[in-house]
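This note's numbering numbers the first residue of the sequence shown as 87 and each following residue consecutively. The C-beta atom is built at its ideal place from N, Cα and C for all residues, glycine as well. Working notes, beginning with the structure itself.
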Amino acid sequence: MNPHSDTLTTSDGRTALRMERRLAHPPAKVWSAITDPAHIGQWFPAEVTVELRPGGAMTFTMPGVSGVALTGTVTDAEEPRLFAFTWGEDHLRWEIAPDGEGSLLTLVHTFGDRFGGASFASGWHLCLTALSQLLDGAPPAVARDAGELHEAYVEQFDLGHGVVEDTADGPRIRFERQLVKPARTVWAALTSGAEPAVDAPAPEGFTAGEAAGPVTEVHAPSVLVYRWHPLGTVRWELGRGTGHGARLVLTQTGPRGFDTAAALDAWHDRIEHLAARLLGD
Numbered sequence: 087m088n089p090h091s092d093t094l095t096t097s098d099g100r101t102a103l104r105m106e107r108r109l110a111h112p113p114a115k116v117w118s119a120i121t122d123p124a125h126i127g128q129w130f131p132a133e134v135t136v137e138l139r140p141g142g143a144m145t146f147t148m149p150g151v152s153g154v155a156l157t158g159t160v161t162d163a164e165e166p167r168l169f170a171f172t173w174g175e176d177h178l179r180w181e182i183a184p185d186g187e188g189s190l191l192t193l194v195h196t197f198g199d200r201f202g203g204a205s206f207a208s209g210w211h212l213c214l215t216a217l218s219q220l221l222d223g224a225p226p227a228v229a230r231d232a233g234e235l236h237e238a239y240v241e242q243f244d245l246g247h248g249v250v251e252d253t254a255d256g257p258r259i260r261f262e263r264q265l266v267k268p269a270r271t272v273w274a275a276l277t278s279g280a281e282p283a284v285d286a287p288a289p290e291g292f293t294a295g296e297a298a299g300p301v302t303e304v305h306a307p308s309v310l311v312y313r314w315h316p317l318g319t320v321r322w323e324l325g326r327g328t329g330h331g332a333r334l335v336l337t338q339t340g341p342r343g344f345d346t347a348a349a350l351d352a353w354h355d356r357i358e359h360l361a362a363r364l365l366g367d
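Quick look at the structure:
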């Protein structure tokens with residue numbers, strides 16, 4: 087489990103990730119590390135140019151990626167306590183407060199993709215670790231997350247549970263889950279070498295105890311749909327994810343009155359088993 091008291095909250099379709107770190111350095115030194123492009127590039131996930139004033143322009147270039155850059159705008163620049171800016175559609179707010187002989191650094195990252203929260207959190211956790219190393223005078227050296235930190239944040243932020251949606255045709259169960267491996271790896275784990283085909287039974291890996299019927303649609307490695315009831319379907323979709331691997335969206339439809347609580351539990355267990363297997367692989 088991640089030892090920090092990081093939080094994830096959602097309101098009006100926007101999600102805020104809040105992270106606090108105590109640093110053994112005064113605010114002026116921390117301010118320089120988070121605003122000077124020469125320092126930012128050593129711990130931040132992008133190379134940055136910045137006009138350090140409210141309304142100032144920013145660019146973000148990913149290392150090793152040429153010809154593609156995101157832009158942003160400085161929204162706050164109050165030395166040495168507050169630096170905030172947009173990054174594409176996201177907003178990052180960095181607050182520095184005196185804390186004894188050191189500082190308390192608070193990051194609030196606001197974004198639209200709630201289910202990417204664990205990827206953002208694990209990424210910032212590593213960046214903040216690198217920032218601390220830089221401030222301590224050591225070359226930043228942080229190993230890339232192999233998935234363990236991401237999964238700890240999924241648990242901490244309770245991002246693994248599904249919901250029941252009411253539709254005109256009856257109830258629909260929906261899970262959205264960020265995974266730590268690409269779609270082809272996930273697909274291989276689900277099929278176990280038995281490639282699905284239309285009209286054939288769904289491979290066991292795609293089921294969660296329900297009486298699975300024939301496959302009605304398959305597009306490897308991204309989509310599989312099958313019937314489980316004369317009036318119900320199960321759809322697996324593996325799309326583009328945030329930071330780590332594929333984003334799974336799983337839905338199950340059924341007739342009014344079907345046991346959605348049992349289905350939620352069964353699918354939660356199935357997806358978490360898949361996530362643990364991917365982490366082990």
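- prompt: Of all the options 129, 311, 156, which has the alpha carbon lying nearest to the alpha carbon of residue 221?
  reply: As a first step, residue 221 must be located in the sequence shown, where it is residue number 135. Nearest of 129, 311, 156 to residue 221, Cα basis: 129.
- prompt: Thinking C-alpha only, which one of 337, 219, 112 is nearest residue 251?
  reply: Here residue 251 refers to the residue found at position 165 of the sequence shown. With distances taken between Cα atoms, residue 251 lies closest to 337.
message: By alpha-carbon positions, which one of 296, 271, 310 ends up nearest to residue 286?
response: Taking the sequence shown and counting its residues from 1, the one referred to as residue 286 is at position 200. Minimum Cα distance to residue 286 is reached at 310.
task: Return the residue from the list 145, 117, 205, 138 that minimises the CA-CA distance to residue 328.
output: Counted from its first residue, the sequence shown places residue 328 at position 242. Of the candidates 145, 117, 205, 138, 205 places its Cα closest to the Cα of residue 328.
Secondary structure, alpha helix (DSSP H): runs of 4+ residues fully inside the segment 228-293: Entirely contained in the segment 228-293, the alpha helix (DSSP H) runs reaching 4 residues are, in chain order, 234-242, 269-277.
query: Cα-Cα, which of 324, 175, 108, 179 is closest to residue 187?
result: The sequence position of residue 187 within the sequence shown is 101, counting from 1. Selected option, being the one with the closest Cα: 108.
message: Please classify residue 249 as buried or exposed, where buried requires at least 16 neighbouring CB atoms within 10 angstroms.
response: Residue numbering aside, residue 249 sits at position 163 when the sequence shown is read from its first letter. Exposed, since its Cβ has fewer than 16 Cβ neighbours within 10 Å.
message: On the CB-based measure, 16 or more other CB atoms within 10 Å of its CB, does residue 339 come out buried or exposed?
response: Indexing the sequence shown from 1 puts residue 339 at position 253. Label assigned to residue 339: buried.
- request: Go ahead and label residue 148 buried or exposed: buried means 16 or more other beta carbons lie within 10 angstroms of its beta carbon, across all protein chains shown.
  value: Within the sequence shown, the letter at position 62 stands for residue 148. Counting Cβ neighbours within 10 Å, residue 148 comes out exposed, since fewer than 16 surround it.
task: Look at residue 104 and residue 194 and say whether their C-beta atoms are less than 9 Å apart.
output: Residue numbering aside, residue 104 sits at position 18 when the sequence shown is read from its first letter. Residue numbering aside, residue 194 sits at position 108 when the sequence shown is read from its first letter. Yes.
Inter-stretch contact (C-beta, 8 Å, three-pair minimum) for the segment 349-357 and the segment 285-305: Taking 8 Å as the limit for Cβ pairs, the verdict is that the segment 285-305 does touch the segment 349-357.
message: To the nearest angstrom, how far is the alpha carbon of residue 235 from that of residue 192?
response: Within the sequence shown, numbered from 1, the residue matching residue 235 stands at position 149. Within the sequence shown, numbered from 1, the residue matching residue 192 stands at position 106. Their backbone Cα atoms lie some 20 Å apart in a straight line.
- prompt: Mind pulling the beta strand (DSSP E) runs of 3 or more residues that sit fully within the segment 288-362?
  reply: Within the segment 288-362, the complete beta strand (DSSP E) runs of at least 3 residues are 301-305, 309-315, 318-325, 333-339.
- request: With distances taken Cα to Cα, identify the nearest neighbour of residue 198 among 136, 177, 348.
  value: The sequence position of residue 198 within the sequence shown is 112, counting from 1. Measuring C-alpha to C-alpha distances from residue 198 to each of 136, 177, 348 identifies 177 as the nearest.
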